[in-house]
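Going by this note's numbering, 68 is the number at position 12 of the sequence shown; the sequence numbering is gapless. Beta carbons: idealized from backbone N, C-alpha and C, even for Gly. Small disclaimer: the values here were computed from a predicted structure and weren't measured.
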Amino acid sequence: MKIGILNTSILTTAGEYTLKDITLEDAKQIIAGQEIDGAVGHQSTSEILTTLLKRDVPVNRQFFQQQVGQKCIVFKLLGRPEEGKILSLADIEKIGYKFQLLERKA
57 MKIGILNTSI LTTAGEYTLK DITLEDAKQI IAGQEIDGAV GHQSTSEILT
107 TLLKRDVPVN RQFFQQQVGQ KCIVFKLLGR PEEGKILSLA DIEKIGYKFQ
157 LLERKA
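Here's what the structure looks like:
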């Protein structure tokens, strides 16, 4: 099953989930050698995730529904940028971010 990549923590369908904070290194290890199914809708976020994860994370404005047993890497900003601002990596570092692992259990 492909590993989902999400640019926010969101439950895409009803179910039971676990969500835990992970490190950037953890995120890299989880996706290593795995197919990914990205649901990242903004070019700047795609570029930043590609840089951080050292893996191509293309823009994909798809309707994503997490499947039972599927893991998703969540990229979560720790603040809210101003409306319409396109963030650079420096902007994101200033705001702060974390990675999380979201797993659908049922």
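Please name the residue in L108, E72, L62, I142 whose C-alpha comes closest to that of I92.
Along the sequence shown, read from residue 1 onward, the residue named residue 92 stands at position 36. I92 has its Cα closest to that of L62, out of L108, E72, L62, I142.
Using beta-carbon positions only, say whether L143 and L75 come within less than 8 Å of one another.
For the purposes of this step, residue 143 is taken as the residue at position 87 of the sequence shown. For the purposes of this step, residue 75 is taken as the residue at position 19 of the sequence shown. In this structure, L75 does not lie closer than 8 Å to L143 by Cβ.
What residue from F131, I148, Q126 has the CA that sits closest to G71's CA?
Taking the first residue of the sequence shown as position 1, residue 71 is located at position 15. Cα-wise, what sits closest to G71 is Q126.
Does the Cβ-Cβ distance between V113 and T64 come in under 8 Å?
On the sequence shown, residue 113 is found 57 positions in, with the first residue counted as 1. On the sequence shown, residue 64 is found 8 positions in, with the first residue counted as 1. No, Cβ-Cβ distance for V113 and T64 is not below 8 Å.
Rounded to whole angstroms, what is the Cα-Cα separation between D108 and A162?
Numbered from 1 along the sequence shown, position 52 holds the residue referred to as residue 108. Numbered from 1 along the sequence shown, position 106 holds the residue referred to as residue 162. Before going on, a small fix: residue 108 reads as Leu here, not Asp. In a straight line, the C-alpha of L108 is about 30 Å away from that of A162.
For K110 and K84, I'd like the C-alpha separation in whole angstroms.
Translated into positions along the sequence shown, residue 110 becomes position 54. Translated into positions along the sequence shown, residue 84 becomes position 28. Straight-line spacing of the CA atoms in K110 and K84 works out to 8 Å.
Per-residue DSSP class, three states only, for Q121:
As a first step, residue 121 is located in the sequence shown; it is residue number 65 there, counting from the start. Three-state result, Q121: coil.
Comparing alpha-carbon positions, which option in V124, M57, T79, Q123 lies nearest K132?
Numbered from its first residue, the sequence shown carries residue 132 at position 76. Per the Cα distances, T79.
Can you give me the C-alpha to C-alpha distance between Y153 and F119, rounded to a whole angstrom?
Along the sequence shown, read from residue 1 onward, the residue named residue 153 stands at position 97. Along the sequence shown, read from residue 1 onward, the residue named residue 119 stands at position 63. Take the alpha-carbon of Y153 and the one of F119: they are about 24 Å apart.
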